[in-house]
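Last residue of the sequence shown: number 471 in the working numbering, and the count goes up by one each step with no gaps.
By construction, the Cβ of each residue, glycine as well, lies at the ideal position given by its N, Cα and C atoms.
Since the structure is predicted, the reported quantities are computational estimates derived from the model, not experimental observations.
Taking it in order: structure first as structure tokens, then the write-up.
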Amino acid sequence: MQRLKWFFPLLLVVSLNSFASQSIRTIPPQSKFDASHSYFIGLLELVLEKTAAKYGSLDILFSMRMQQGRAFIELEKNGGLDVYWAGTSIIREQRLKAIRIPLVKGMLGFRQFVIRKNRRQDFAQIKNLSDLKKMVACQGAHWPDSDVLENAGLQVMRNPIYENMFKQVAAGRCDYFPRGVHEGKAEVAARAQAYPSLIWYQDMALYYPFPMYFFVAPDNSVLHLRIREGLETAVADGSFNRYMQQDATTAHLFPLQKWLKIKTIIIKNHQLAEDTPVRDLRYWVQPPR
């Protein structure tokens, strides 16, 4: 689909239909290096296409850039956002309406590490959770998986600004930045000139069940239903899988079963609601227990 763009001081319009009369608002890229943003926008476009005949066309508007904590506040109060994607937690699902279909097949929970080149041998010596506890992870201040890591006994240095975590690893203020396996490779490549000392370490993984969902405001039942129906349709007709296989952000993940064969440290996610449908193989890839 060709995207038509109009630039305004605070809003970028990505048109799905030049005659559309309605719109929804979401976030712009977190920085000029945000490698995965286009994946989620493309998936949202796919969802809206699947449901256009029933609900009509919608434009996607980009709001001003904001940190994750602020984004959830704006969404909850029906402020500057209508839809947002993020890792889930019990509290987030209590405050907002989550569409409980993982946006990357649950692969957000497979974490590998952004590290400095000169620490490769140190990380090669890590055999278990006790070894990893000796390292300090950079994590987002408002990310629920920061709590997941801390609950597992891992050391965490929190920062509210996404870009600063790459700076902290490069400066040696923390040892590693855990990223979803769909995120880190492209993120490091995008910063090769800015941070030439950083590498994407792929010889092991840290895993905890941690789905990325679309969220909408608690009273926006129509948009919630539309996104859910669109995702369910895309999963059922195979277009969800095809999209993942073709998008530059996620194509390298396939075949998905290869992630079940690498050395993996598994920790629990106490931030995840007990009724999360983690065993639904239509939506999830999980390592053997």
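Euclidean distance between Cα positions of residue i and residue j
i: residue 247; j: residue 215; result: 13 angstroms
i: residue 308; j: residue 314; result: 6 angstroms
i: residue 297; j: residue 234; result: 43 angstroms
i: residue 323; j: residue 342; result: 5 angstroms
i: residue 255; j: residue 371; result: 32 angstroms
i: residue 447; j: residue 464; result: 24 angstroms
i: residue 357; j: residue 258; result: 34 angstroms
i: residue 456; j: residue 346; result: 33 angstroms
i: residue 478; j: residue 431; result: Residue 478 lies beyond the range of the chain shown here (183 to 471); nothing can be said about it.
i: residue 328; j: residue 412; result: 31 angstroms
i: residue 388; j: residue 311; result: 9 angstroms
i: residue 249; j: residue 344; result: 8 angstroms
i: residue 237; j: residue 219; result: 25 angstroms
i: residue 445; j: residue 384; result: 10 angstroms
i: residue 338; j: residue 394; result: 21 angstroms
Short Cβ contact (9 angstroms threshold) for residue i with residue j
i: residue 348; j: residue 376; result: yes
i: residue 422; j: residue 225; result: yes
i: residue 366; j: residue 286; result: no
i: residue 417; j: residue 283; result: yes
i: residue 263; j: residue 209; result: yes
i: residue 240; j: residue 213; result: no
i: residue 454; j: residue 272; result: yes
Proximal residues to residue i (C-beta, below 6 angstroms), its chain only, five neighbours per side dropped
i: residue 409; result: 229, 281, 396
i: residue 452; result: 333
i: residue 414; result: none
Residues near residue i in its chain [Cβ-Cβ closer than 7 angstroms; skip 5 each side]
i: residue 427; result: 433, 436
i: residue 336; result: 314, 315, 319
i: residue 429; result: 221, 224
Cβ-based neighbour list, residue i, same chain, cut-off 8 angstroms, excluding 5 preceding and 5 following
i: residue 438; result: 287, 289, 467
i: residue 373; result: 215, 348, 380
i: residue 245; result: 192, 193, 207, 208, 209, 210, 256, 262, 263
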